[in-house]
Ligand SMILES: Cc1ncc(C[n+]2csc(CCOP(=O)(O)OP(=O)(O)O)c2C)c(N)n1
Ligand SMILES: [Mg+2]
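Chains as they are written, first to last, in the working numbering: chain A, 3 to 387; chain B, -13 to 333.
1. Measuring CA to CA, which of B/281, B/282, B/57 and B/300 is closest to residue 290 of chain B?
2. Are residue 122 of chain B and residue 201 of chain B touching if we call contact CB-CB under 8 Å?
3. Label residue 73 of chain B either buried or exposed according to how many other C-beta atoms from any shown protein chain fall within 10 Å of its C-beta, with 16 as the threshold for buried.
4. Which residues in the same chain have their Cβ closer than 6 Å to the Cβ of residue 235 of chain A, if we skip the five residues on either side of it in sequence?
5. Kindly indicate if chain B contains any beta-carbon less than 8 Å away from that of residue 201 of chain A.
6. Between the alpha carbons of residue 197 of chain B and residue 248 of chain B, how many angstroms are there, rounded?
7. With H, G and I counted as helix, E and B as strand and the rest as coil, what does DSSP make of residue 209 of chain A?
8. Please name the residue, chosen from A/80, A/230 and A/251, that lies closest to residue 184 of chain A on a Cα-to-Cα basis.
9. Could you give the DSSP three-state label for residue 225 of chain A: helix, strand or coil?
10. Going along the chain, which unbroken runs of the beta strand (DSSP E) with 3 or more residues stay wholly within the segment 198 to 238 of chain B?
11. Between residue 174 of chain A and residue 108 of chain A, is the Cβ-Cβ spacing less than 8 Å?
12. Looking at residue 310 of chain A: is its Cβ nearer than 8 Å to the Cβ of residue 55 of chain A?
13. Which chain A residues are close to residue 120 of chain B, counting only those with a beta carbon under 7 Å from its beta carbon?
14. Quick check on the DSSP output: the beta strand (DSSP E) that includes residue 178 of chain A runs from which residue to which?
15. Does any residue of chain B bring its CB to less than 8 Å from the CB of residue 43 of chain A?
16. Between residue 140 of chain A and ligand 2, is there a pair consisting of the residue's CB and a ligand heavy atom that are separated by less than 7 Å?
17. Can a CB atom of chain A be found closer than 8 Å to the CB of residue 267 of chain B?
18. Who does residue 163 of chain B pair with in a DSSP beta bridge?
19. Ligand 2: which residues have Cβ under 6 Å from any of its heavy atoms, chain order?
20. Should residue 279 of chain A be listed as close to ligand 1, given that the test is whether its C-beta is under 7 Å from any heavy atom?
21. Answer yes or no: do residue 285 of chain B and residue 127 of chain B have a C-beta to C-beta separation smaller than 8 Å?
22. Please report whether the beta-carbon of residue 83 of chain A lies at a distance below 8 Å from any beta-carbon of chain B.
23. Thinking C-beta only, is residue 159 of chain B closer than 8 Å to residue 182 of chain B?
24. So what does residue 130 of chain B bridge to, in DSSP terms?
25. Does DSSP classify residue 16 of chain B as helix, strand or coil?
26. In chain order, what residues of the same chain have a beta carbon less than 6 Å from the beta carbon of residue 212 of chain A, not counting five sequence neighbours either side?
27. Hey, does residue 114 of chain A have any beta-carbon neighbour from chain B nearer than 8 Å?
28. Quick check on the burial criterion: 16 or more other C-beta atoms within 10 angstroms. Buried or exposed for residue 171 of chain B?
29. Just to check my reading of the structure: residue 189 of chain A and residue 155 of chain A have Cβ atoms closer than 8 Å, yes? What is that Cβ distance to the nearest angstrom?
30. Quick one: what's got a C-beta closer than 7 Å to residue 396 of chain A's C-beta in the same chain, skipping five residues either side?
31. Kindly examine ligand 1 and report whether one of its heavy atoms sits closer than 7 Å to the Cβ of residue 84 of chain B.
32. Using a threshold of 8 Å, state whether the C-beta atoms of residue 2 of chain A and residue 266 of chain A are closer than that.
33. With which residues is residue -4 of chain B paired in a DSSP beta bridge?
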């Protein structure tokens, strides 16, 4: 008997009544840039004028450029690793732009767009990917947790934060970002149990980029991921994740619900990881060039550019403006990354506890003595680099 | 890939593991593999490369992304008579499966008075020195060594990797097989007819001055240290512990009775570690033979640091030689071969 062939058929279907966009992901922009009506989303896009569209376009472009620059820096040996966000810009910017600064975001490792939106210093953020720090900004300052690698764990943190906000009587919300693969982890499912049980003001943004490293989403589930939360009593919106306006509107719906005491919402943003899983992955081993090309047609930035053009916006000028901003960000990022110096190795003992323990002070002293003995040894030197 | 009974091949350690999995799948149709990205991709380290093509997706299963479920369902498969060999993609990702391992896998045989066997193998690429990000370089072996009912083994060479994994799959006890990922690309001869036991340490280099016990990725570092010390006329007896639980204390005690000095090295942090257990056991049993306090060369008691700090954090040839010097009551005898400059390339 084959486990594989039977899998999708044996899974009971959760409650579709709680999910929107199951047949066709919710959208307002066609890949050709034309706008179409959507009953659910349109009421939440009333303020989106040419100026707002231009801002979104610049955001998407800058995120793509940060991503491309960081990826290039891995190839030049300046960064160890980079998990690219290319193709997922609209999912990140659209959702991020629906939040206010005091809403707390808990991401995975791929949400470079959220770091950009929260004004994180990009050079500082890159230190993680350079292997010199475990985090690249102050989470409390930016209301943004730093990259979290254990798949799905942050969904619980967001839920707990939201429970706390609710206890405080605040209307802050929390947002968890995770991938399609993450929806299989116990943590994500338990987060949904708690979010539902405590009606926590939390939004689960699942970027379904079709892959968990090499595994296509069908390995995780034979039915739309947006049906999973409905089994926990959590409403879901399945949106075209490459349509920045659709993601913006869907997230606004979720945020309004959470702020007004309506509890959690799950958003499945249907998108595609155009690049490799990380800079060390080889996607040719598990997906075809044709498949990638078909998604290139649905590119989120091209789509918005076409839309701007069709609405009569001065697209040449907008493009130029975006380019100038992108170039500046890229230049700054590159300079910051190449300027990172090797940290003092003594700092590896810092921050294990809020106050140093005797045991660690002793180990630091042993480390110092060892380094000193190496420096004193004939032919030895103290160059840790 | 076909197994030829008497073939001796030169293989990388990672490939030797792949060969062991291949041969086990071929030998017993109750054996199957399950894990994240192990099928089509062949695993993130390509250890299972080609196995799904050879044995099909029923026996080399790409699982959904859930470690607790990987272990927990393997338990159910074992109840049903299968011999699951599951992969945890990296050391730092084993913790979602920790409960199933320590509360279920480890205890089922005991709980059921021997009526239920758990012939599971849990493969874990482990250890650092690969320049990676958080959670990709850890050495969590002592959590499992602390849990009765689990066997915990490592391997330092392609031959050991092949032979140990075959023995682990053949064992009716659950086995955690910790693969030294920084050594995946190291080459050595592999005789595919050799299957070893899961209980014993092995003396790799005899020596009369100091006993140096280690395992996994640090074995290579220890051998280099022994070579450097030999240049100065110091004989280090290098022991590859191989099995972390049960620990072969007899072999180490016998060595210490000859040398009178003990150094233990591993990549895991020091506190409540394999070296804690080994040193305590040797002190209990061979106190009178010890001519100096046992020394330990381990990671520091901090979380695994960013990779820029790895060379300070992990045991190196120099740190081992330093400990050997202390055990011998010598000062500053470091050889030129063991200089800091070469650590990055030799660890
Ligand atoms: C608990 C855990 N298991 C395994 C991994 C290894 N791993 C890193 S990313 C990844 C795939 C994640 O896929 P998905 O959730 O879809 O997010 P994406 O990478 O596509 O953004 C895996 C298996 C991990 N980081 N954490
Ligand atoms: Mg994914």
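Where is the CB? At the ideal position from N, CA and C, for every residue including glycine.
In brief:
1. Your numbering for residue 290 of chain B matches position 304 in the second chain. Restricting attention to B/281, B/282, B/57 and B/300, the CA atom closest to the CA of residue 290 of chain B is found in B/300.
2. Indexing the second chain from 1 puts residue 122 of chain B at position 136. Indexing the second chain from 1 puts residue 201 of chain B at position 215. It is not a contact, given that the beta carbons lie outside the stated cut-off.
3. Translated into the one-based positions of the second chain, residue 73 of chain B becomes position 87. Under the 10 Å beta carbon count, residue 73 of chain B is surrounded by 16 or more other beta carbons and is classified as buried.
4. Against the first chain, residue 235 of chain A aligns to sequence position 233. So the qualifying residues of the chain are 198.
5. Within the first chain, residue 201 of chain A is the residue found at index 199, counting from 1. No, residue 201 of chain A does not count as interfacial toward chain B.
6. Position 211 of the second chain, counted from the first residue, corresponds to residue 197 of chain B. Position 262 of the second chain, counted from the first residue, corresponds to residue 248 of chain B. Taking the Cα positions, residue 197 of chain B is about 5 Å away from residue 248 of chain B.
7. The count along the first chain starts at 1 and reaches residue 209 of chain A at position 207. Reduced to three states, the DSSP call for residue 209 of chain A is strand.
8. On the first chain, position 182 is the one that residue 184 of chain A refers to. Out of A/80, A/230 and A/251, A/230 has the C-alpha closest to the C-alpha of residue 184 of chain A.
9. Indexing the first chain from 1 puts residue 225 of chain A at position 223. Three-state DSSP puts residue 225 of chain A in coil, outside helix and strand.
10. Listed in chain order, they are 222 to 226 and 229 to 231.
11. The count along the first chain starts at 1 and reaches residue 174 of chain A at position 172. The count along the first chain starts at 1 and reaches residue 108 of chain A at position 106. Not a contact, by the Cβ cut-off of 8 Å.
12. As a first step, residue 310 of chain A must be located in the first chain, where it is residue number 308. As a first step, residue 55 of chain A must be located in the first chain, where it is residue number 53. For residue 310 of chain A and residue 55 of chain A, yes; Cβs fall inside 8 Å.
13. The residue given as residue 120 of chain B occupies position 134 in the second chain. In chain order: 136 and 151.
14. Position 176 of the first chain, counted from the start, is the residue given in the question as residue 178 of chain A. That run of the beta strand (DSSP E) goes 176 to 181.
15. Here residue 43 of chain A refers to the residue found at position 41 when the first chain is read from its first residue. No, residue 43 of chain A lies away from the interface with chain B (no Cβ there is under 8 Å from its Cβ).
16. Translated into the one-based positions of the first chain, residue 140 of chain A becomes position 138. Because no heavy atom of ligand 2 lies under 7 Å away, the Cβ of residue 140 of chain A does not count as near it: no.
17. Here residue 267 of chain B is taken as the residue at index 281 of the second chain, counted from 1. For residue 267 of chain B, the nearest beta carbon of chain A is not closer than 8 Å to its own beta carbon.
18. Your numbering for residue 163 of chain B matches position 177 in the second chain. Paired residue(s): B/109 and B/139.
19. Those residues, listed in chain order, are A/181, A/182, A/183, A/211, A/213 and A/214.
20. For the purposes of this step, residue 279 of chain A is identified with residue 277 of the first chain, where counting begins at 1. Because some heavy atom of ligand 1 lies under 7 Å away, the Cβ of residue 279 of chain A counts as near it: yes.
21. Here the question's residue 285 of chain B lines up with position 299 in the second chain. Here the question's residue 127 of chain B lines up with position 141 in the second chain. No, the pair does not count as a contact, with Cβ atoms beyond the cut-off.
22. Counted from its first residue, the first chain places residue 83 of chain A at position 81. Yes, residue 83 of chain A lies at the interface with chain B (some Cβ there is under 8 Å from its Cβ).
23. Within the second chain, the letter at position 196 stands for residue 182 of chain B. Within the second chain, the letter at position 173 stands for residue 159 of chain B. Contact: no.
24. Numbered from 1 along the second chain, position 144 holds the residue referred to as residue 130 of chain B. In the DSSP assignment, residue 130 of chain B forms no beta bridge with any residue.
25. By 1-based counting over the second chain, the position of residue 16 of chain B is 30. Here residue 16 of chain B sits in coil by DSSP.
26. The residue you call residue 212 of chain A lines up with position 210 of the first chain. Correct list, in chain order: 219 and 274.
27. One-based indexing of the first chain puts residue 114 of chain A at position 112. False, the Cβ-Cβ gap to chain B never drops below 8 Å.
28. On the second chain, position 185 is the one that residue 171 of chain B refers to. Residue 171 of chain B sits exposed, since fewer than 16 C-beta atoms from the chains shown fall within 10 Å of its C-beta.
29. Mapped onto the first chain, residue 189 of chain A falls at position 187. Mapped onto the first chain, residue 155 of chain A falls at position 153. Cβ atoms of residue 189 of chain A and residue 155 of chain A come within 8 Å of each other, at about 5 Å.
30. There is no way to answer for residue 396 of chain A, as the model of chain A reaches only from 3 to 387.
31. Here residue 84 of chain B refers to the residue found at position 98 when the second chain is read from its first residue. No, ligand 1 has no heavy atom inside 7 Å of this Cβ.
32. Missing from the structure shown is residue 2 of chain A; chain A here goes from 3 to 387 and no further.
33. Translated into positions along the second chain, residue -4 of chain B becomes position 10. According to DSSP, residue -4 of chain B bridges with B/175.
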